[in-house]
Amino acid sequence: MGNRIEIEYSRWLMPGIATKREVEMTHAETDERLERLEALVRRDPAGRGLISSEADRGVLCAGHLSGAVKSLVENPGPVVILTGFFIPHANPAAAETDGPPGAVTLGRVLSGLGHQVVLMTDEPCRGGLLASARAAGLDDVPLEVVPLAGASQWCHEFLSRRQQGDGLKHLVAIERVGPSHDLDSMTVQPREGAPPEAEFLERVPNETWGCCHNMRARVIDEWTADVSVLFDRLNEFCPGAVTIGIGDGGNEIGMGAVPWEELVARLPGDHSARIPCRIATDWNVLAGISNWGAWSLSAAVALFAGRVDLVEPLSLDWQYELVERLVAEGPGVDGPSGEAVVGVDGLSMDDYLVPWSGIRGELGLL
Numbered sequence: 001m002g003n004r005i006e007i008e009y010s011r012w013l014m015p016g017i018a019t020k021r022e023v024e025m026t027h028a029e030t031d032e033r034l035e036r037l038e039a040l041v042r043r044d045p046a047g048r049g050l051i052s053s054e055a056d057r058g059v060l061c062a063g064h065l066s067g068a069v070k071s072l073v074e075n076p077g078p079v080v081i082l083t084g085f086f087i088p089h090a091n092p093a094a095a096e097t098d099g100p101p102g103a104v105t106l107g108r109v110l111s112g113l114g115h116q117v118v119l120m121t122d123e124p125c126r127g128g129l130l131a132s133a134r135a136a137g138l139d140d141v142p143l144e145v146v147p148l149a150g151a152s153q154w155c156h157e158f159l160s161r162r163q164q165g166d167g168l169k170h171l172v173a174i175e176r177v178g179p180s181h182d183l184d185s186m187t188v189q190p191r192e193g194a195p196p197e198a199e200f201l202e203r204v205p206n207e208t209w210g211c212c213h214n215m216r217a218r219v220i221d222e223w224t225a226d227v228s229v230l231f232d233r234l235n236e237f238c239p240g241a242v243t244i245g246i247g248d249g250g251n252e253i254g255m256g257a258v259p260w261e262e263l264v265a266r267l268p269g270d271h272s273a274r275i276p277c278r279i280a281t282d283w284n285v286l287a288g289i290s291n292w293g294a295w296s297l298s299a300a301v302a303l304f305a306g307r308v309d310l311v312e313p314l315s316l317d318w319q320y321e322l323v324e325r326l327v328a329e330g331p332g333v334d335g336p337s338g339e340a341v342v343g344v345d346g347l348s349m350d351d352y353l354v355p356w357s358g359i360r361g362e363l364g365l366l
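Sequential numbering from 1 applies to the sequence shown in my numbering.
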C-alpha cells in the first residue's frame, strides 16, 4: 500500500480502552494491518464488479483506504454519509440492500468517535435508509432526504446551510450512482497519454452524457436525485472538506478518480462505455461489495483511533438484522435479482458475512 498513516493516536485514547503502545504502530505495522483489512473485502465471489478484473489488469486506487482512514481519524467533525441506489425493475421497486447497511455501520463508528453524523439519501431510497438506521440504533442521527424534483437547488441550499452553520469535514458516498461522463469530463481526467476522444465519441451516445446508469447501462435518472452539486461545489462552501467514495461497479460516485478508458476495459458488456461515473472523490475505496468497503473503512478507523470497542457490539447477527429489516421495512431488494430476499449483490447472507467475520477476527473480536 502506497500511502502511510501517521496519526497522533494518543489524542484519541479513551481511559480503559487501550494503551498508547497498543495503538501506536510503526509504519510497517500500520500498512500490514490495513492490507489485511483491505484484502478481506477486495474479493468478488460473484464475479460482477471491478475487483474481479484486478488479477489481470492490476489494483485500482491503491492506498485510497489508507488515505480515507487517515483523514477521518485526524479530522473529526461534521460528516455526511450519502447512500441509496434505487432498483426500478425490482419486485417491489425499491432501494437495493447494498449501501444503507454499510452507511449505518460507518455512522455508528463515527458517531462513537464524536463526529457529527448526518445520513443522506433521496426520496425513492428514504425507506431503506430509515429502516437501516433504526436497526442500527441511529434513531437520533439526522436523516436528510433529497427530492427528485429540484434536487440541484436543494443541494445548493444544503451546502449554504452547512456554510452558515457547523460546516462539513467529510462527505462520504457509499454505493451511490452518479452522472456519467461527457466529453469534457473525460478529457480532463488525469492519465498517462492522450485522452481517447475518438473512442469515447464512437461508444457513448451524447444523449446519455451526464446520465446515471445501472450496471445494465439503463438510464435511471427518473428514479435518481441529481446530487452532483454536493461534490462539484463542496469546497466553495466548505473549504478543505474531504470527499470519500465507496463502490464496486464503476457507476458510483468516486469512480471519476479512475480514467474512463480503464474502467471501460474492466467492465463487461457492449454498453460498458456508458456506465462510468464522472465524479471523482479525494479517496475512492473499492471492494467486491460496497457494504464491504464501508466495513473495512469503519473497522480501520476504529482500530487506528484506538476504539475497537465501538465495533465489538456490531456482531454478525447485527449485520444480518440490518439487511433483514431493510428488506422487510424499507422495503429493500437484492440488486442483481430485483427480488425482496435477504441477501446482498446476489450473495446469500452466509457468503455476504464472511468478510465481516474476518474483519472482526483481525480486530481481535472473535
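Even for Gly, the Cβ is constructed at its ideal location relative to N, Cα and C.
Item	Value
DSSP state of TRP356 mapped onto helix, strand, coil	helix
PRO101 classed as buried or exposed, judged by whether at least 16 other C-beta atoms fall within 10 angstroms	buried
Among GLY338, GLY47, ALA340, ALA302, nearest to GLU362 - alpha-carbon criterion	ALA302
Inter-residue spacing [alpha-carbon to alpha-carbon] between LEU310 and TRP356	14 Å
Terminal residues of the alpha helix (DSSP H) in which ALA94 lies	ALA94 -> not in any alpha helix (DSSP H); beta strand (DSSP E) instead, spanning 94-96.
Endpoints, alpha helix (DSSP H) assigned at HIS64	64-74
LEU40 and ILE359 closer than 7 Å at C-beta	yes
PRO15, DSSP secondary structure in three states	In this prediction, PRO15 scores a pLDDT of 33, lower than 50, which makes its location untrustworthy; no coordinate-derived value is stated.
Nearest residue (CA-CA) to VAL323, options PHE304, ASP350, VAL308	ASP350
Burial state of SER53, where buried means 16 or more other Cβ atoms lie within 10 Å	buried
Coil, strand or helix - LEU37 by DSSP	helix
Segments assigned alpha helix (DSSP H), at least 4 residues, entirely inside the stretch 100-129	100-112
With 16 other Cβ atoms within 10 Å as the buried cut-off, status of GLU32	exposed
Residue nearest to LEU366 in terms of C-alpha spacing, selected from GLY346, GLU312, GLY330	GLU312
Under 7 Å between C-beta atoms of VAL79 and LEU110	yes
Proximity of ILE244 and VAL172 at Cβ, strictly below 7 Å	yes
Distance CB(GLY150)-CB(ASP122) smaller than 7 Å	no
Ranges of the alpha helix (DSSP H) found wholly within the stretch 221-273, counting only runs of at least 4	228-232, 234-237, 260-266
C-alpha distance - ILE5 paired with TRP283, whole-angstrom precision	The predicted model places ILE5 with a pLDDT of 36, which falls under 50 and marks its position as unreliable; any figure quoted below should be read in that light. Approximately 14 Å between the Cα atoms of the pair.
Check whether VAL177 and CYS125 have beta carbons under 7 Å apart	no
Rounded straight-line distance, which links the Cα of ASP221 to that of CYS277	13 Å
Beta-carbon proximity check, VAL285 vs LEU267, cutoff 7 Å	no
Proximity of SER180 and ASP248 at Cβ, strictly below 7 Å	no
Validate contact between the stretch 82-96 and the stretch 328-341 using beta carbons, cut 8 Å, 3 pairs	yes
Beta-bridge pairing of CYS277 - partner residues as DSSP gives them	SER180
Where VAL341 sits in the DSSP three-state scheme	coil
Residues near GLY364 by beta carbon distance below 8 Å, same chain, minus five either side	VAL308
Where ASN214 falls: helix, strand or coil (DSSP)	coil
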